[in-house]
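Undergrad:
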Amino acid sequence: MYKIIDGKKVASEIKKEIAEEVIKLKAAGKKIPHLAAILVGNNGSSETYVANKVKDCNEVGFKSTLIRFWNEVEETVLLGKIAELNNDQDVDGFIVQLPLPAHISENKVIEAIDPRKDADGFHPVNIGKMVIGLSGYLPATPYGIVELIKRYSIETSGKNCVVIGRSNIVGRPVSILLSQKGMDATVTVIHRRTKNIKDIVRNADIIIAAIGSPAFVKEDMVKEGAVVIDVGTTRVISHETKSGFKLVGDVDFEKVAPKCSYITPVPGGVGPMTRVSLLRNTLMAAKKI
Ligand code: GUN
């Protein structure tokens, strides 16, 4: 029988730990962590993600600020706001929610963020530190995935790990973290040009699916006893929910789960861990460690 990796439960345990730290900081007369979030436009998923991030801050006692721009905002205006936040003594960390409209360069925006305030861990300085194993801010989703694996005592050493997808914010960084000393997995990254995808995935002890393609991972691609981490969060129209939408993962859960030893659900798996990682990075920024 497979076990569900309950990201929601783990995230709520970590949030409790963070809330206790905030109480201690307050009692010691120290600064309360402050996270700012920039949201451009009104992409439905981004609206939800940012609203949840603000809610998380409130829950653990952080200060939060939401800064909104309309979709047509000029790149220079956005870069100006980033410079302002870089210099704002009260803001410990901030994020710019992605994706951005096509007329704005995401790379330029990420590079404009002061690496010391880069709560998302997307700046090349923080990515570079991660690659060579120095402490810095880790990208939120990979950080959350690694934490889930650790908290469920899932063995990674010498295991075959297949990462599906090579994005800068999930696939690429998680592949690096899993191959590092301490995690010691043998990692294969597959992407749209990979040949024999099914054969490669079928050989995996651990599968990390991060391509945003609903139900891409089918039962015939999964080895008996594999660990499956589903990072997909595609928003589809649904008549079953109040909002009219539901999130679907990259894994055909119903069919794949019976073959697994462990599997993450969508929602309630990786998503809550991503959010909690952002809180951890913000706490680290506030403590200047
Ligand atoms: N878009 C999708 N995931 C993320 C994330 O972790 N951070 C930001 N800023 N944007 C995202």
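In my numbering, the protein residues as written are 5 to 293. Glycine included, each C-beta is placed from N, C-alpha and C at the ideal position.
Using three-state DSSP, classify tyrosine 141 as helix, strand or coil.
TA: Note: tyrosine 141 maps to coil in three-state DSSP.
Undergrad: Check whether the Cβ of aspartate 124 sits closer than 7 angstroms to any heavy atom of the ligand GUN, and report yes or no.
TA: Within the cutoff, so yes.
Undergrad: By alpha-carbon positions, which one of Tyr156, Ile9, Ala214 and Ile173 ends up nearest to isoleucine 167?
TA: Looking at the sequence itself, residue 167 is valine, so the reference to isoleucine does not match. The residue with the shortest Cα to Cα distance from valine 167 is Ala214.
Undergrad: Assuming methionine 187 and threonine 160 form a contact by the criterion Cβ under 8 angstroms, report the distance between their Cβ atoms to the nearest whole angstrom.
TA: Contact holds; Cβ gap of about 5 angstroms.
Undergrad: Please specify which runs of the alpha helix (DSSP H), each continuous and at least 4 residues long, are wholly inside the segment 144-168, giving them in chain order.
TA: Here the runs fully enclosed are 144-155.
Undergrad: Mind checking asparagine 130: buried by the 16 CB within 10 Å criterion, or exposed?
TA: Burial call: buried.
Undergrad: Spatial neighbours of arginine 155 within its chain, please: C-beta separation below 6 angstroms, excluding the five flanking residues on both sides.
TA: Same-chain partners within the cutoff: Val14.
Undergrad: If we ignore side chains and look at the alpha-carbon of each, how far apart do glycine 125 and tyrosine 6 end up?
TA: When rounded, the distance between both Cα atoms is 33 angstroms.
Undergrad: Would you mind sorting arginine 196 into buried or exposed? The rule is 16 or more other CB atoms within 10 Å of its CB.
TA: Exposed, because fewer than 16 other Cβ atoms sit within 10 Å of the Cβ of arginine 196.
Undergrad: Can alanine 213 be considered in contact with the ligand GUN, in the sense that its beta carbon sits closer than 7 angstroms to one or more heavy atoms?
TA: Not so, every heavy atom of the ligand GUN lies at least 7 angstroms from the Cβ.
Undergrad: Report the rounded CA-to-CA distance for alanine 144 versus asparagine 200, giving the unit in angstroms.
TA: Taking the straight line from one Cα to the other gives about 30 angstroms.
Undergrad: In whole angstroms, what separates the C-alpha of leucine 184 from that of glycine 137?
TA: Sequence check: residue 184 is glutamine here, not leucine. Cα to Cα, the separation comes out at about 8 angstroms.
Undergrad: Measure the Cβ-Cβ separation of lysine 121 and phenylalanine 98 and say whether it is below 8 angstroms.
TA: Yes, Cβ-Cβ distance for lysine 121 and phenylalanine 98 is below 8 angstroms.
Undergrad: If threonine 286 sits next to phenylalanine 66, beta carbons under 8 angstroms apart, how far is it from one beta carbon to the other, in whole angstroms?
TA: Indeed they touch by this definition, with Cβ atoms about 6 angstroms apart.
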